[in-house]
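Student:
Protein chains: 2
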Amino acid sequence: MNIINTLKLAKASSLAMALATTSVKNEALEKIAVELENGVQEILRGNQLDLTNAIANGVSQSLQDRIMLDEKRIHALAEAVRVIKQLPDPVGDSVRGMKLQNGLNVQQVRVPFGVIGCIYEARPNVTVDIATLAIKSGNAAVLRGGSAAENTNQILNSLIQSGLKKAGLPAEAICSVDEFGREGAVELMKARDYVDVLIPRGSANLIKTVVAESTVPVIETGSGVVHIFVDESADLNQALPIIMNSKVQRPSVCNALETLLVHEAVAEQLLPLLAQELEASAVTVHACEKSQALIPRSIRATEEDWATEYHSLELAIRVVTGLDEALDHIAEYSTKHTDSILTEDIGNAEKFLAEVDSAVVMVNASTRFTDGGEFGFGAEVGISTQKLHARGPMGLSELTSTKWLVRGRGQIRN
Amino acid sequence: MNIINTLKLAKASSLAMALATTSVKNEALEKIAVELENGVQEILRGNQLDLTNAIANGVSQSLQDRIMLDEKRIHALAEAVRVIKQLPDPVGDSVRGMKLQNGLNVQQVRVPFGVIGCIYEARPNVTVDIATLAIKSGNAAVLRGGSAAENTNQILNSLIQSGLKKAGLPAEAICSVDEFGREGAVELMKARDYVDVLIPRGSANLIKTVVAESTVPVIETGSGVVHIFVDESADLNQALPIIMNSKVQRPSVCNALETLLVHEAVAEQLLPLLAQELEASAVTVHACEKSQALIPRSIRATEEDWATEYHSLELAIRVVTGLDEALDHIAEYSTKHTDSILTEDIGNAEKFLAEVDSAVVMVNASTRFTDGGEFGFGAEVGISTQKLHARGPMGLSELTSTKWLVRGRGQIRN
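Chains as they are written, first to last, in the working numbering: chain B, 422 to 835; chain D, 422 to 835.
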């Protein structure tokens, strides 16, 4: 078996996936959930192997934790499959339609992409997550997971394939190219004839590599250097909880706050209060020259801090002279994920909404709301920080393309 | 001036373009139309230079014709600008919106991409076309035209910039990188920091190069190996005009018919009649073994013919055993542009619509209807044959991305 054959099998099975009815796809998802539940011991054996290798290779505690599955996590995976099963099926939805003057009936409908490629790091839950999102949206998928989880992924893949088969769908609709090692990833990035779209999931570095090397169209999901600007007119009683929620509620995720910009007119009033709360939550502050004096135990921020996604209990703070300087700072350092203004001035709110070039722009709200679940999409494929195809939180419909259906009775063009 | 500076200027002007109101953009388009009309002599002088060089370099008659502008063509260009001026502005259109349970107001609105790159061949009309589509959709644009038209393009660019300036918009919103030669195209394809999307327009080879070399996201507009399948149950009185219209009405364009597939049960009845009409229209037929006998003066088709976009009065014809063989042929050779079935059998019509993986799939209609104008989009940016972002005819709204606006009153996440 070589990798091209694997890609061909995925492609060949994509038609059956595209034509599968919602109920057959849901049946496959239910079978997969059951396979995962019945396969707990098998999964744990494979996972133990990966963990033993990881420890032998001296990988970090946090990577070990990302690789690790236990009975509870496996049951949570099965339940997540059932959540996706409950979501509405986007395939076949009508996007636009019209009757032309000549009587032609023209309709734009959602269709699956065909084959989705995914390159991700050593997190076995992503294997189940992407596979089930692909199945629900009528796609086949080719997966390339991090090698540190390869034994776990191999078992998860075979359970997923077994679930597909039991529902009468082609097992090869979900394929792994893990066995081909690094070459598998390279071939996947060049497989324009077999793969319709590639979604990298993981670190900024992984995503950067895929964007640079791939000839298959990529949906970039992204890193978030997320900003809040506290305007002169902000309601400071509202500002404190929003800032704290944005920073500490879940600091490891991409919609968490990384840089706080504060209007100089409110800095003296806001920052000492904020400093107390940040300290109580064990947040390390990287402060600009002006703010450092107002924040005890803060570290002096460097140029690098403004461009850093900490993913942890660290926060950069900068005092600015006003909205314009805030907009300039955001234009320079934002990764175009999420930025929020806290203001009671309607003109400044509208200017911020219009001028900040990010996927999600907010007024008086926590940046943690940039999330497929919060937006009501049910599932979260990722947060796109690119402008092509999908921008912001992606749901199942972002895993589809469209096709135009034209029905005539003999029309010809004049 | 180096190329990075040009790209930076385009990027810097994109915010003003994004914020410009519809009436200011329309004013700029009107000024540009007037500049073109007043600049006829200047344009003709530049164009004469290009034509003299082209003749000295021995370029083909058809390329000379594509480069050539005369007074009539320039006035047509100005009129085309006014047509785009009349179209609705997509910027700011609300795509989706909802009020979340916590009271957050969430709205997805259309925004310009920012900077559009375009690489195209020696057709000066594309310069005006892309520039005005970009302006109307609130984008800046960086243009790289074919060097054989560089003198004409230089003058057109300066007239466009002058029109922008007269309407109070930044002249650099439309920039050319022609002066940097082939390096200009290479840099443009790598300019991820400055260019949001790249649209190649021209030959299949040009598009292939851009797709392979670009790290900027590309919208592939495409070549069309377009099929019609005449089913056993087709109304042959309808079939003849549809086939002839699809082939001969404008053979040089991408939605023209290239391969006709005929069910064996109707081949003997249809093909001799069709052969007469094709011969009357001077169409050369490349016929399969079975059809050759039924079509006098046909040439035997080779494997290569099935994959050829003739763009001329040539047609490949193949007799198939039925719908399944037709679907297999289309799956193998279609460029996923447009394919049409002629049938009175509703089951076969629905199967064809569901299984053919092309941007536009038709029943009982001429393939020539795949067109932004026919679909009512007003302007035609191109026909996308890729699945990401846009598929099929692209109008102005396909030159936009979206952004989520979230308006709160202090909400934080639980």
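Even glycine gets a Cβ: it sits at the ideal position worked out from N, Cα and C. The structure displayed is predicted, hence computed values, not measured ones.
#1: Mind checking if D:P638 is an interface residue toward chain B, Cβ cutoff 9 Å exclusive?
#2: In chain B, which residues lie with their C-beta within 8 Å of the C-beta of D:G535?
#3: Would you mind working out which of B:R834, B:D599, B:A737 and B:A441 sits nearest B:C709, comparing C-alpha positions?
#4: What are the residues of the region 816-827 of chain D that lie near chain B, defined by any Cβ-Cβ distance shorter than 8 Å?
#5: Report yes if the C-beta distance between D:A770 and B:R531 is below 9 Å; otherwise report no.
#6: Provide the residue span of the alpha helix (DSSP H) that contains D:N426, from first to last.
#7: So is B:P610 buried or exposed if we call it buried at 16+ other beta carbons inside 10 Å?
#8: Residues in the same chain with beta-carbon distance under 8 Å from D:D491, minus the five sequence neighbours each way, listed in chain order, please.
#9: Is DSSP giving D:T573 helix, strand or coil here?
#10: CA-CA distance, D:T636 and D:S435?
#11: Give a yes or no on whether the minimum CB-CB distance between D:P509 and chain B is below 9 Å.
#12: Let me check one thing: in DSSP terms, what residues is B:Q529 bridge-paired to?
#13: Go ahead and pull the three-state DSSP assignment for D:D656.
#14: If we define contact as Cβ-Cβ less than 9 Å, is B:I595 a contact residue for chain D?
#15: Enumerate in chain order the residues of its own chain whose CB-to-CB distance from B:A686 is below 6 Å, with the five nearest sequence positions on each side excluded.
#16: Name the one or two DSSP bridge partners that B:L619 has.
#17: Taking all protein chains shown into account, do 16 or more other C-beta atoms lie within 10 angstroms of the C-beta of D:I453, making it buried, or fewer, making it exposed?
#18: How many whole angstroms separate the CB atoms of D:S719 and D:H707, which I take to be in contact at a CB cut-off of 8 Å?
#19: I'd like the span of the beta strand (DSSP E) that includes B:D760, first residue to last.
#20: Please identify the residue among D:Q670, D:T723 and D:A660 whose C-alpha is closest to the C-alpha of D:V704.
#21: Between the Cα of D:T756 and the Cα atoms of D:R603, D:T680 and D:R739, which residue gives the shortest distance?
#22: Which same chain residues, not among the five before or five after B:E613, have their C-beta less than 8 Å away from its C-beta?
#23: Restricting to Cα atoms, I'd like to know which of D:V631, D:A606 and D:E725 is closest to D:V598.
#24: With 9 Å set as the bound, which would you pick, yes or no: does the beta-carbon of B:R622 sit closer than that to a beta-carbon of chain D?
#25: Looking only at its own chain, which residues have a Cβ that is under 7 Å from the Cβ of D:N546, when we skip the five neighbours before and after it?
#26: Measure the beta-carbon distance from D:N572 to D:D471 and round it to whole angstroms, keeping in mind my assumption that it falls under 8 Å.
#27: Once DSSP output is grouped into helix, strand and coil, what is the label at B:F796?
#28: Can you tell me whether D:K557 is buried or exposed? The criterion is at least 16 other CB atoms within 10 Å of its CB, across all chains shown.
#29: Ignoring anything shorter than 3 residues or poking outside the region 677-728 of chain B, list the beta strand (DSSP E) runs there in chain order.
#30: Just the C-alpha distance for D:G816 and D:A701, rounded to the nearest angstrom, thanks.
#31: Looking at the secondary structure, which residues open and close the alpha helix (DSSP H) in which D:V408 lies?
#32: If the cut is a Cβ gap below 9 Å, which residues of chain D does B:P662 touch?
#33: With burial defined as no fewer than 16 other Cβ atoms inside 10 Å of the residue's Cβ, what is the status of D:A625: buried or exposed?
#34: Which residue from B:A552, B:N578 and B:S805 puts its Cα closest to that of B:E839?
#35: In the DSSP assignment, what are the bridge partners of B:C596?
#36: Roughly how many whole angstroms lie between the Cα atoms of D:A688 and D:I767?
Tutor: Straight from the coordinates:
#1: yes
#2: Those within 8 Å of D:G535 in chain B are D778 and K808.
#3: B:A737
#4: S822, T823, K824, W825, L826 and V827
#5: no
#6: I424 to L440
#7: The question names Pro, yet the displayed sequence has Met at residue 610 of chain B. Buried, because 16 or more other Cβ atoms sit within 10 Å of the Cβ of B:M610.
#8: Only L465 meet the Cβ criterion.
#9: helix
#10: 20 Å
#11: no
#12: B:R517 and B:W825
#13: coil
#14: no
#15: E653
#16: B:G538 and B:V639
#17: buried
#18: 7 Å
#19: T759 to L763
#20: Nearest of D:Q670, D:T723 and D:A660 to D:V704, Cα basis: D:Q670.
#21: Put simply, of D:R603, D:T680 and D:R739 the residue whose alpha carbon is nearest the alpha carbon of D:T756 is D:T680.
#22: Reading the sequence as shown, one finds Arg at residue 613 of chain B and not Glu. Excluding sequence neighbours, B:R613 sits near T636 and V637.
#23: D:A606
#24: no
#25: L498
#26: 5 Å
#27: coil
#28: buried
#29: 678-684 and 705-708
#30: 36 Å
#31: With chain D represented from 422 up to 835, any question about residue 408 of chain D goes unanswered, as that position is not in the structure.
#32: The contacting residues are G831 and I833.
#33: exposed
#34: For chain B, the structure presents residues 422 to 835; residue 839 of chain B sits outside this window and is missing.
#35: DSSP lists B:V563 as partners of B:C596.
#36: 21 Å
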